[in-house]
Amino acid sequence: MENVKKKKVLTKISIGLFFLFAGMEYAVILPTMWLYASERFQAESWFYGIIFAAFSFSSLIMSPLFGMWVDYTRNTKACILFANLFEMGGNFLYFIAWSKYWILGGRLVAGIGAGVSSAIFAQIARTTTEEERTSVYSIAMGLRQFGLLIGPGMNVFLKECNFKLGPFKVDHYTSPGLFMAAIWLLQEILMIFMYYDLPSVNQNDKEPVFTEKPQITNGLHANKEGITNGGLSHLPDNIGSINTAAKDNLCEISSLNNSDSATVHKRRSSSVSSHIVDTWRLSKELMREEIIIILASQFIMFFNETAFEALFTPLSNHLLGWKELENSVAYCLIALEAILTFVLVSKVSKRLSDRWLMVIGVIFEGLALVWYLIMLADSKPYEAKILPTVIVGTLIIVFGLPFFSVANISLLSKLTDDKVQGVVQGFQRSSTGVAMILGPMWGGSLVDRLFLLLAVMFGLEVFLAILMALSFGRLKAPSSSKLDMPSQYAEISTDENKPLLS
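Numbered per the working numbering, the sequence shown finishes at 503, counting up by one with no gaps.
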């Protein structure tokens, strides 16, 4: 049993490091990417928008595919190891870039690897109870923000690089790519030795079980159907014996030795066809009104957020004269606020439902856009009001987004079947990816027309508020069973109520 706990601890650490490194990549690459492309390769502002969006484009294509992979095999580890190869390759291409098109290609390749986050979110959804899931997502995303916090600190160090590695020059523009390639190589090694695919939580049993164990899961599946269909009439008469059997077999099932893994692999292989059919049948849930609203709201919020991100660096350079050091410090402070907000969300989520957390996020984003429209749209370079306007507006935006993004992912996982979490999270990430393509293109191409840019973003925010108001009654997770058990991640620590990555 101690060996099992050790494996769970290692899995917890490896997942946390994945989100940490993902945040670091964003913070290390982004502050210098504009100057790298424009000063070294004379890239236009619109081409910078394309480079910015390229990462998200490949991510949105791959997210559903990685999601289907883990739904099909339930082997998240292999999926992550495969995806990390693209992160390494893409960042190395960024490092050795000979033209602006190589920078574009590097970000495209790295984005393929980033698509695996949908598989990890699906794994979290399967191994947590509904009550703790929002808090778990908040902590995981908070670790990404912590990566954003320490990333700029890496840039301060990388800024001093000036040497050659074979034929390649390592300087303050190319060193971020080399650094992140090394980081993802480290992550690949850590995943090989530290990550284990944990069993899924069965919401209606007292103990965790492997869903591959037929003599246990068949009864438990009937138990779940009896409760979720509206009553106790469908519960099996032998539920007590099922629970006892689950407990008696727990140690055997949880041993995670090689022979068990081989048996599980054979069982998976024998039911491949039926599993694919189930995945596509259950993916029709995406056509429900509440699911469409969740995906649309995710698109609008991240369209606005990434449009502003793409705008921030060239705008700060134009209005305030900021260079890479000032931008790195700004991103560092932004990440610090985001971390504190994610911690707040993890606490508030235990008292407020997901839909109300989403409302809070939409309200704050709308307020920030109104503030920018009034104070910033007609500003001239180096005016006294610019710095305080940017500070206040950024504080509001960064405070609102964690409330929305965490609740959106969590609510989607609660409204959809566990069997298709990979596909569902993949589509959710694709919705985000489309927004992160169009948003930077919109923001990067209208730096000189701020009023039009901000007015369209505010109009989208109003449209989102109307959509959510009309469908608010549907944006509610189904009532969970009183028989819910603690998640696999909750058992990692000695305190069994402590959530994942805490």
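Just so you know, even glycine gets a beta-carbon here, dropped at the ideal spot from N, CA and C.
{"Check": "When every heavy atom of the ligand MG is checked, does at least one fall within less than 7 angstroms of the C-beta of Val344?", "Outcome": "Among the components of this structure there are no ligands whatsoever, and the ligand MG is therefore not found."}
{"Check": "Using the C-alpha atoms, what's the distance from Ser317 back to Glu132?", "Outcome": "42 angstroms"}
{"Check": "Quick one, which of Leu31, Ala183, Leu447 has its alpha-carbon nearest Val330's?", "Outcome": "Leu31"}
{"Check": "So, does the region 153-168 touch the region 57-76, judging by three or more C-beta pairs under 8 angstroms?", "Outcome": "no"}
{"Check": "In chain order, what residues of the same chain lie with their CB nearer than 8 angstroms to the CB of Gly241, ignoring the 5 residues before and after it?", "Outcome": "Residue placement at Gly241 is flagged as unreliable, the pLDDT there being 44, under the threshold of 50; the coordinate-derived value follows with that caveat. Closer than 8 angstroms at Cβ, skipping near neighbours: no residue."}
{"Check": "How about Leu471 and Ala339: do their beta carbons lie closer than 8 angstroms?", "Outcome": "no"}
{"Check": "Please report how far the alpha carbon of Ser1 lies from the alpha carbon of Tyr73, in whole angstroms.", "Outcome": "Given a span of 2 to 503 for the chain in the structure shown, any question on residue 1 remains unanswerable."}
{"Check": "Can you tell me where the alpha helix (DSSP H) with Lys420 in it begins and where it stops?", "Outcome": "Neither: Lys420 is in no alpha helix (DSSP H) and is coded neither H nor E."}
{"Check": "Where does Leu144 sit, in a helix, a strand or coil, going by DSSP?", "Outcome": "helix"}
{"Check": "Below 8 angstroms CB to CB, which residues in the same chain sit around Phe147 once its five sequence neighbours on both sides are set aside?", "Outcome": "Leu21, Gly24, Ala336, Ile340"}
{"Check": "Here's the rule: buried if 16 or more other CB atoms are within 10 angstroms of the residue's CB, otherwise exposed. What is Met288?", "Outcome": "exposed"}
{"Check": "By alpha-carbon positions, which one of Gly474, Ser414, Asp449, Leu451 ends up nearest to Thr129?", "Outcome": "Ser414"}
{"Check": "Find the nearest neighbour of Ser350 within the set Arg134, Lys6, Met458, Leu374, judged by alpha-carbon distance.", "Outcome": "Arg134"}
{"Check": "Under three-state DSSP, which class holds Val171?", "Outcome": "strand"}
{"Check": "If we call anything under 8 angstroms between Cβ atoms a contact, is Ala369 one with Ile397?", "Outcome": "yes"}
{"Check": "Quick one, are the C-beta atoms of Leu374 and Phe459 less than 8 angstroms apart?", "Outcome": "yes"}
{"Check": "Pull up the DSSP beta-bridge partners for Phe164, would you.", "Outcome": "Val171"}
{"Check": "Could you check what DSSP says for Ala123 in three-state terms: helix, strand or coil?", "Outcome": "helix"}
{"Check": "Give, in chain order, every unbroken run of the alpha helix (DSSP H) that is at least 4 residues long and sits entirely within the region 352-395.", "Outcome": "355-376"}
{"Check": "Terminal residues of the continuous alpha helix (DSSP H) containing Val346?", "Outcome": "325-349"}
{"Check": "State buried or exposed for Ala123, treating a residue as buried only when at least 16 other CB atoms are found within 10 Å of its CB.", "Outcome": "buried"}
{"Check": "Rounded to whole angstroms, what is the Cα-Cα separation between Met478 and Gly423?", "Outcome": "According to the sequence as given, residue 478 is Ala; it is not Met. Whole-angstrom Cα-Cα distance: 19 angstroms."}
{"Check": "Quick check on this structure: which residue in Ser411, Gly367, Ser64, Met89 has the alpha carbon closest to the alpha carbon of Val137?", "Outcome": "Ser411"}
{"Check": "According to DSSP, is Glu306 part of a helix, a strand, or is it coil?", "Outcome": "helix"}
{"Check": "Would you list, in sequence order, the uninterrupted alpha helix (DSSP H) runs of no fewer than 4 residues that lie entirely inside the region 449-476?", "Outcome": "451-471"}
{"Check": "Whole angstroms are fine: how far does the CA of Thr314 sit from the CA of Thr12?", "Outcome": "36 angstroms"}
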